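FYI, the numbering for the sequence shown is 205 to 480, going by this note's numbering.
Here a beta-carbon is modelled for each residue, glycine too, at the ideal position from N, C-alpha and C.
For clarity, every value in this text was computed on a predicted model and none was experimentally measured.
Presented below is the structure to which this report refers.
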Amino acid sequence: MKNLAEKNMMEAVLAKLANCEDARLKEISASLIRHVHEFVREIEPSMEEWFAGIRFLTETGRICDDKRQEYVLLSDILGVSMLVDAIANRKPPSATESSVLGPFYQAGAPARETGTDLAAADVDGDHVHVHGKVRGLDGKPIQGATLDVWQTAPNGLYHMQDQGQDEFHLCGKFQAGADGGYAFDTLCPVSYSIPTDGPVGKYLRAMGRHPFRPAHIHFIVSAPGHKAVVTQIFTDGDEYLESDAVFGVKNSLIARFERKGSGRFEVEYDFVLEKN
Ligand code: BEZ
Ligand code: FE
Numbered sequence: 205m206k207n208l209a210e211k212n213m214m215e216a217v218l219a220k221l222a223n224c225e226d227a228r229l230k231e232i233s234a235s236l237i238r239h240v241h242e243f244v245r246e247i248e249p250s251m252e253e254w255f256a257g258i259r260f261l262t263e264t265g266r267i268c269d270d271k272r273q274e275y276v277l278l279s280d281i282l283g284v285s286m287l288v289d290a291i292a293n294r295k296p297p298s299a300t301e302s303s304v305l306g307p308f309y310q311a312g313a314p315a316r317e318t319g320t321d322l323a324a325a326d327v328d329g330d331h332v333h334v335h336g337k338v339r340g341l342d343g344k345p346i347q348g349a350t351l352d353v354w355q356t357a358p359n360g361l362y363h364m365q366d367q368g369q370d371e372f373h374l375c376g377k378f379q380a381g382a383d384g385g386y387a388f389d390t391l392c393p394v395s396y397s398i399p400t401d402g403p404v405g406k407y408l409r410a411m412g413r414h415p416f417r418p419a420h421i422h423f424i425v426s427a428p429g430h431k432a433v434v435t436q437i438f439t440d441g442d443e444y445l446e447s448d449a450v451f452g453v454k455n456s457l458i459a460r461f462e463r464k465g466s467g468r469f470e471v472e473y474d475f476v477l478e479k480n
């Protein structure tokens, strides 16, 4: 444990795990140590660069509060959230695919009646009727499924980001009917920028990346005896479908928002849940 240098430092730290009794913690820690040491050996940071990295992580923590989660954002823009999701939620081909939860989900949205309009009366924007069925892999409707829904206002902000919106504006929990059907009205979602006023925004700019997400509505669809799916439906034709800042788009989640004679839009999307 003395005279440690580039070639034996990693092994010395790994050896310190010998008394770790939690097998999973031991496995994860060993992998973390190996990868961080390999990362440092690969990039050979100067001391200034290393402390810039520490400062970045410190600032990322400092800006977090009960309404803002900059670490989730960091994981999202590095594609790590979608990678964890892909591994943790492997699904049969016909089940609804998952997408990133994001930092703007707030549990506790009020229960709403089928057909409710989620938009406040004084907000301008195109309205859309969203409807469809919740089914099992066998194609049969799942009665009593719950759909937890959230989205931004036309200014691209979620209710908790915007003093001008009531709590849980454009959010709600719906119960599917006996036929698995659900329906609600809302404003057409818009493409929007993820927050760029913190360290993650600065990092995106430094990497030469844009911060935009294609227009989408978030859903968590759950039902007794079934695996819940955290997902989003995306507006077909959106200019950011191919370059989502957080890598969340899948072809099966893109839906057509069709303008009807009334001027109102309509979108139909069915969710398919697998059993537990
Ligand atoms: C969102 O869609 O709400 C979101 C996802 C990841 C990062 C930021 C926002
Ligand atoms: Fe979103």
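- At a Cβ-Cβ threshold of 9 Å, F469 and F475 do not count as neighbours.
- One Cα belongs to A227, the other to L236, and the distance between them is close to 14 Å.
- Between the segment 266–276 and the segment 292–303 there are fewer than three C-beta pairs closer than 8 Å, too few to call the two in contact.
- Within the DSSP secondary-structure output, Y407 pairs in no beta bridge.
- Contact between the segment 372–383 and the segment 302–315 is present: three or more C-beta pairs spanning the two stretches fall below 8 Å.
- By DSSP's assignment, W354 forms a beta bridge with C375, H422.
- Ordered along the chain, residues surrounding ligand 1 are L277, D280, V304, G306, P307, F308, I398, R417, V450 [Cβ under 6 Å from any heavy atom].
- Here M364 really is in contact with F308; their C-beta atoms are around 7 Å apart, less than 8 Å.
- Its chain contains F388 as the residues whose beta carbon lies nearer than 6 Å to that of T320, once the 5 sequence neighbours on both sides are disregarded; these appear in chain order.
- Nearest to F423 by C-alpha distance, out of L457, L261, D401, T400, is L457.
- Selection I346, H420, V304 evaluated against G360 yields H420 as nearest (Cα-Cα).
- Counting only runs of 4+ residues, the alpha helix (DSSP H) found wholly inside the segment 206–251 occupies 213–219, 227–247, in chain order.
- Between the beta-carbon of L322 and that of T264 there is about 32 Å, and that puts the pair past the 8 Å contact cut.
- With a threshold of 16 other beta carbon atoms within 10 Å, R409 falls short and is exposed.
- G385 sits in a strand when the DSSP states are folded into three classes.
- Excluding sequence positions up to five before and after S397, its CB lies within less than 6 Å of the CB of P415, F416, all in the same chain and listed in chain order.
- The beta carbon of Q369 sits no closer than 8 Å to any heavy atom of ligand 2.
- T390 has V332 as its beta-bridge partners, per DSSP.
- The secondary-structure analysis by DSSP pairs S397 across a beta bridge with F416.
- Annotation for T390 indicates a beta carbon at 8 Å or more from all heavy atoms of ligand 2.
- The beta carbon of V434 sits closer than 6 Å to those of S302, L305, I424, all from its chain and outside the five residues before and after it, given in chain order.
- Beta-bridge pairing by DSSP links L477 to G340.
- By the neighbour-count criterion, in which a residue is buried when 16 or more other Cβ atoms sit within 10 angstroms of its Cβ, Q436 is buried.
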